[in-house]
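**Q** My questions all concern the structure below.
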Amino acid sequence: MAYCKPEGLLLGSEENSRWIQSLPLLRECCATGRILEGRALICDGEHNLIVSLGGGIRGVIPREEGALGMEDGSTRDIALISRVGKPVCFQVTGFRKSADGGAVPLLSRRMVQQQCMRDYISSLLPGQVIPARVTHLEPFGCFVDIGCGIPSLIPIDAISISRISHPRDRFSPGDDILAVVKEVEPGGRVSLSHKELLGTWEENAALFSPGETVAGVVRSVEEYGVFVELSPNLAGLAEPRENVFPGQHASVYIKSLIPEKMKVKLIIVDSFEARCQRQPLRYFISEGRLERWRYSPGACFKTVETVFGPGGAE
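Under the working numbering, the first residue of the sequence shown carries the number 137, and numbering increases by one thereafter.
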């Protein structure tokens, strides 16, 4: 199978560095179809990408070779402009003469993406757990690279059970994460989810005990109480308290855990502003394929679950 990992994973490798820093080795890569990575330095006025290859060599990815869909207009030029300063994967397709008589490698990112679509993306199945790299965040969701710069979206409500105001509450660009395939559309577009990998109510509740005072994050303040996140897939409700605001950190006393109602009752001991480093995500599922995922405990009257595959529902 062709190399189909998110862009950036090859760039710093010793092997990649060796192949891209000399013209004779780049000619060999052209003959063999080896996939390489460099860093895009410039997107010129015609939207060709100029790529640093090492050893003072610069290659060119012509606009139509910059990404799948550039030629037919289904991909916009922002897909190229946004790559400046970032790694890009490519195959060497040939060489042209420079103004001083030297050789300029011609590169194609589109060909690598085409291989990735054919050999990897097209074979993905609903419920399959895959690696991804966060590329950018929007209020409505998190965009990720699922292979060779091919993008996919995790909607904000699919990131975790605990509601967040913006994907940056959970992710940062460059994060390597896991995701689960919700659907692969006929055209190859892949829709993703994430919350199913972060554990059920019971799995998360087992990390806490009544009587403990623990750290949390205030997610929302309502008239009837304050929702405090204990983990990405577990939040509890505390009684109303003045001067508590979303985004604050809090120390909370756990009054009770009630599986049959899927509830956690809390008392806020203190709330405060803090610059805390975000903890790495804990994945309860990290590989394989899911057919059905049930968040709610078996004894709970309310069922919260995801069914993967045709006719799947939440």
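Built from N, CA and C at the ideal position, the CB exists for glycine as well. What you are looking at is a predicted structure, and each value in this text was computed from that prediction instead of being measured.
1. Which value, in whole angstroms, describes the spacing of the CA atoms of LEU177 and ARG212?
2. According to DSSP, simplified to helix, strand and coil, what is GLU358?
3. If you reduce the DSSP assignment to three classes, tell me which class ALA101 lands in.
4. Indicate the three-state DSSP secondary structure (helix, strand or coil) for ALA176 in the structure shown.
5. Please report the residue range of the alpha helix (DSSP H) in which ARG254 lies.
6. Give the DSSP-derived three-state secondary structure of GLU338 in the structure shown.
7. Span of the alpha helix (DSSP H) holding SER153?
8. Kindly identify the DSSP beta-bridge partner or partners of ALA189.
9. Note the first and the last residue of the continuous beta strand (DSSP E) segment covering ILE214.
10. State the CB to CB distance for the pair PRO241 and GLY310, rounded to an integer number of angstroms; the pair is presumed to be in contact (CB under 8 angstroms).
11. Three-state secondary structure (DSSP) at ILE421?
12. Please return the same chain residues whose Cβ sits closer than 7 angstroms to the Cβ of GLY283, not counting the five positions on each side in sequence.
13. Going by DSSP in three states, ASP293 sits in which element: helix, strand or coil?
14. Take PHE248 and list the residues in its own chain whose beta-carbon comes closer than 7 angstroms to its own, dropping the five residues that flank it on each side.
15. Could you give the distance in angstroms between the alpha-carbon of PRO433 and the alpha-carbon of TRP337?
16. Would ARG245 and GLU201 qualify as a contact pair, given that the criterion is a beta-carbon distance under 8 angstroms?
17. Between GLN264 and VAL317, is the Cβ-Cβ spacing less than 8 angstroms?
18. If you compare alpha carbons, which of HIS272, ARG254, GLY277 and ASP281 is closest to ILE266?
19. Taking the Cβ atom as the reference point for each residue, do LYS399 and LEU370 lie within a distance shorter than 8 angstroms?
20. When you compare the CB positions of LEU333 and ILE421, do they come within less than 8 angstroms of one another, or not?
21. For ALA167, count neighbouring Cβ atoms within 10 angstroms of its own Cβ and tell me buried if that reaches 16, exposed if not.
22. Where does ARG299 sit, in a helix, a strand or coil, going by DSSP?
23. Need the endpoints of the alpha helix (DSSP H) that CYS278 sits in, please.
24. Straight-line CA distance for ASN379 to GLY352?
25. Going by DSSP, what residues sit across from CYS140 in a beta bridge?
26. State the DSSP-derived secondary structure class of LEU136, mapped to helix, strand or coil.
27. From PRO262 to ARG425, what distance separates their C-alpha atoms?
28. Kindly indicate which three-state DSSP category ALA386 falls into: helix, strand or coil?
29. Figure out for me which residue from ILE156, ARG430 and ILE290 has the closest Cα to the Cα of GLU339.
30. Tell me, which residues are paired with LEU370 by DSSP?
31. According to DSSP, is ASP312 helix, strand or coil?
32. Look at the Cβ atom of ILE300, then the Cβ atom of ARG355, and state whether they are nearer than 8 angstroms.
**A** Quick look at the numbers:
1. Those two C-alpha atoms are separated by around 19 angstroms.
2. GLU358 carries a strand assignment under DSSP once its states are collapsed to helix, strand and coil.
3. Nothing in the structure corresponds to residue 101, since the chain is present only between 137 and 450.
4. Under the three-state reduction of DSSP output, ALA176 falls in the strand class.
5. Counting along the chain, the unbroken alpha helix (DSSP H) around ARG254 starts and ends at 246 to 255.
6. DSSP places GLU338 within a helical segment (H, G or I) once states are collapsed to three.
7. Membership of SER153 in the alpha helix (DSSP H) is indicated by the continuous run 150 to 156.
8. The sequence given here places Leu at residue 189; Ala does not occur at that position. LEU189 is not bridged to any residue.
9. Note, ILE214: premise wrong, no beta strand (DSSP E); alpha helix (DSSP H) at 214 to 217.
10. With 8 angstroms as the limit, PRO241 and GLY310 do not qualify as a contact, their Cβ atoms being about 27 angstroms apart.
11. Here ILE421 sits in coil by DSSP.
12. CYS140, LYS141, PRO142, CYS252, TYR256 and ILE257.
13. DSSP places ASP293 in helix when its eight states are reduced to three.
14. The question names Phe, yet the displayed sequence has Val at residue 248. The residues are ILE171, CYS225, PHE226, GLN227 and CYS284.
15. Just so you know, the alpha carbons of PRO433 and TRP337 end up roughly 7 angstroms apart.
16. In this structure, GLU201 lies closer than 8 angstroms to ARG245 by Cβ.
17. Yes, these two residues count as a Cβ contact at 8 angstroms.
18. Distance from the Cα of ILE266 is smallest, within the candidate group HIS272, ARG254, GLY277 and ASP281, for ASP281.
19. Going by C-beta atoms, LYS399 is not nearer than 8 angstroms to LEU370.
20. In this structure, ILE421 lies closer than 8 angstroms to LEU333 by Cβ.
21. Classified as exposed, ALA167 has fewer than 16 neighbouring CB atoms from the shown chains inside 10 Å of its CB.
22. Coil.
23. Where CYS278 is concerned, there is no enclosing alpha helix (DSSP H), although the beta strand (DSSP E) around it starts and stops at 277 to 281.
24. The straight-line gap separating the alpha-carbon atoms of ASN379 and GLY352 is approximately 16 angstroms.
25. Paired residues: none, contrary to the question.
26. Residue numbering for the chain in the displayed model covers 137 to 450; residue 136 lies beyond these limits and cannot be assessed.
27. About 8 angstroms.
28. Judged by DSSP in its simplified three-state form, ALA386 adopts strand.
29. In this structure, ARG430 is the residue among ILE156, ARG430 and ILE290 with its C-alpha nearest to the C-alpha of GLU339.
30. Looking at the DSSP assignment, LEU370 forms a beta bridge with SER367.
31. Three-state DSSP puts ASP312 in a strand.
32. Their beta carbons are under 8 angstroms apart, which means ILE300 touches ARG355 by this criterion.
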